[in-house]
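First up is the structure itself, then whatever we jot down about it.
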Amino acid sequence: MIDAQVLPTPAGELSVLVRDGVLVAGGFTGEPKEMFVRLAPALQAEGMTVVDDLGPVSRAVRDYFAGDLDALDAVPAEQPGSLRRKALHQALREVKAGTTVTYAELAERAGMPRSAARAAGGACAQNLIAPFVPCHRVLPSTGGFGGYYYGVAVKEWLLAHESGRH
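Residue numbers (this note's numbering): 1 to 166.
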């Protein structure tokens, strides 16, 4: 069974889904079902229940938004993908709060050539575990904020929070 909780945050409601203590989905929506339907069919077959508290995961979210910018790093997370995608997601988790990288730099950090920037963009677009896998910290080399699954305003808010401007 997958346990879900909706947590209020200054950036909007955050739904987090956990299976056996491991985060399998997270996103800025007040509807956990929106995250649940993005999971692999095998996980969906387990069903989902909404709970009042996910313990350490809930605490990490509250701590992050209260200013402990490293709080999300300790939460175990797992999502599907090829070895290449998993390497990109791991490299994303290593981008420290308050810093940003370009898609090409992310590819390089994952052990790929800088020319794999498109693959890095795809890994961000398919990321099921925001903000724990912090794709909001990746910016286009051409400037600006680029896109964000939950809206550019949320991405801007997260970056401002991490740089001490909130």
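Even for Gly, the Cβ is constructed at its ideal location relative to N, Cα and C.
Boundaries for Gln44: no beta strand (DSSP E) harbours it, while the alpha helix (DSSP H) harbouring it runs 41 to 44, taken from the DSSP string. Residue environment for Gly98: exposed (fewer than 16 other C-beta atoms within 10 angstroms of its C-beta). Leu106 and Arg62 have their C-alpha atoms some 27 Å from each other.
Burial is judged here by how many other beta carbons sit within 10 angstroms of a residue's own beta carbon; Gln79 has at least 16 and is buried. In this structure, DSSP gives Ala153 a helical state, which the three-state scheme calls helix. Bounds of the beta strand (DSSP E) holding Leu17 are 14 to 19.
One alpha carbon belongs to Arg38, the other to Gly26, and they sit about 11 Å apart. In this structure, Leu23 lies near Pro76, with their beta-carbon atoms less than 8 Å apart. Beta-bridge analysis with DSSP links Thr99 to no other residue. Nearest Cα to Pro131 within the set Thr102, Tyr148, Ala117: Tyr148. CA-CA distance, Val50 to Leu17, rounds to 9 Å. With fewer than 16 neighbouring CB atoms inside 10 Å of its own CB, Ala42 falls in the exposed class. Remark: three or more beta-carbon pairs, one from each stretch, lie closer than 8 Å, so the region 119 to 130 and the region 148 to 159 are flagged as touching.
Counting only residues of its own chain and dropping the five nearest sequence neighbours on each side, Glu13 has a CB closer than 6 Å to the CB of Val6, Gly30. About 5 Å separates the CB atoms of Val133 and Leu92; that is less than 8 Å, so the two are in contact.
Straight across, the Cα-Cα distance linking Ala66 with Arg59 is about 10 Å.
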